[in-house]
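Numbering (the working numbering), first residue to last: 1050 to 1335. Backbone N, C-alpha and C fix where the C-beta goes; we use that ideal spot for every residue, glycine too. Predicted model only: the values in this text are computed from it and were never measured.
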Ligand SMILES: [Zn+2]
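Take a look at the structure:
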């Protein structure tokens, strides 16, 4: 192992810890944003006994393990989901980081695609929004405008600032691709929602999903829309069938679609271009 490799693993570990801390903050956002509460004040407290949580009991992931998943004071069990969100965010942050290439150094765990440092920050932001939106959707069946409309605006801003997001060199080209992606994402899903309502006589897709697809298009362009739409529909269908087989009626009747969109976006973000290439190759080779 070279000295560079050691540094690489060291930074990967730091990124994992950073992701876990972001996940810890996400837990606060997921809990407070739908209630219209501030995400900074007051500091975290136990949902049962309301005792403020001291910093040494609020260390991401570790505290949960050391306190045995219970409040230190009143011993009420803390949902394992807090731990899950922290671990998930840490892993996704790490996965984005592993695609970074610095000065052409090819990392031992490096994946084939290469992101620049600004891209890494953009994709961390995307992970942040998707994790937040998904869990709020699971809890409340809504995708807050802060995530969806906020995502569209941030998609425009970062497309102009980081043209590499759309494999461009000029900011204006990148911004136009972002506009087109948002328009197609929003427009197409809007049509799906309208026709779905006409055909099934009930809400097939919420307006939050429509706005979320606008944000997806703003960050990833038009090609992502079709991929995400098809892939998330498959995931949703599989989940629906699984619920039917397992006879989970309460889940079957109302499934939030946001998490499936989020999962499809993550797959596109990490492997999308190679998957599309694979598909085109399958079509063109007789
Ligand atoms: Zn407590």
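Bridge partner(s) assigned by DSSP for residue i
i, result
"residue 1164", "1149"
"residue 1101", "1094"
Sub-8 Å separation of residue i and residue j beta-carbons
i, j, result
"residue 1146", "residue 1211", "no"
"residue 1242", "residue 1201", "no"
"residue 1170", "residue 1071", "no"
"residue 1198", "residue 1207", "no"
"residue 1234", "residue 1192", "no"
"residue 1082", "residue 1093", "no"
"residue 1203", "residue 1174", "yes"
"residue 1123", "residue 1098", "yes"
"residue 1315", "residue 1177", "no"
"residue 1135", "residue 1183", "no"
"residue 1307", "residue 1270", "no"
"residue 1079", "residue 1226", "no"
"residue 1305", "residue 1131", "no"
"residue 1275", "residue 1321", "no"
"residue 1317", "residue 1273", "yes"
"residue 1311", "residue 1144", "no"
"residue 1110", "residue 1061", "no"
"residue 1313", "residue 1287", "no"
Three-state secondary structure (DSSP) of residue i
i, result
"residue 1119", "strand"
"residue 1094", "strand"
"residue 1109", "coil"
"residue 1212", "helix"
"residue 1126", "strand"
"residue 1254", "coil"
"residue 1309", "helix"
"residue 1089", "coil"
"residue 1219", "coil"
"residue 1191", "coil"
"residue 1295", "coil"
"residue 1020", "This structure gives no information on residue 1020, because the portion of the chain shown stretches from 1050 to 1335."
"residue 1050", "coil"
"residue 1270", "coil"
"residue 1304", "coil"
Distance between residue j and residue i (C-alpha atoms, nearest Å)
i, j, result
"residue 1324", "residue 1285", "19 Å"
"residue 1228", "residue 1239", "16 Å"
"residue 1221", "residue 1205", "11 Å"
"residue 1137", "residue 1118", "17 Å"
"residue 1278", "residue 1303", "19 Å"
"residue 1309", "residue 1095", "31 Å"
"residue 1149", "residue 1326", "21 Å"
"residue 1009", "residue 1249", "Beyond the ends of the chain as shown, which are 1050 and 1335, falls residue 1009; an answer cannot be given."
"residue 1289", "residue 1259", "20 Å"
"residue 1167", "residue 1209", "12 Å"
"residue 1255", "residue 1077", "25 Å"
"residue 1054", "residue 1232", "43 Å"
"residue 1261", "residue 1120", "35 Å"
"residue 1252", "residue 1237", "16 Å"
"residue 1067", "residue 1108", "11 Å"
"residue 1100", "residue 1292", "39 Å"
"residue 1328", "residue 1266", "20 Å"
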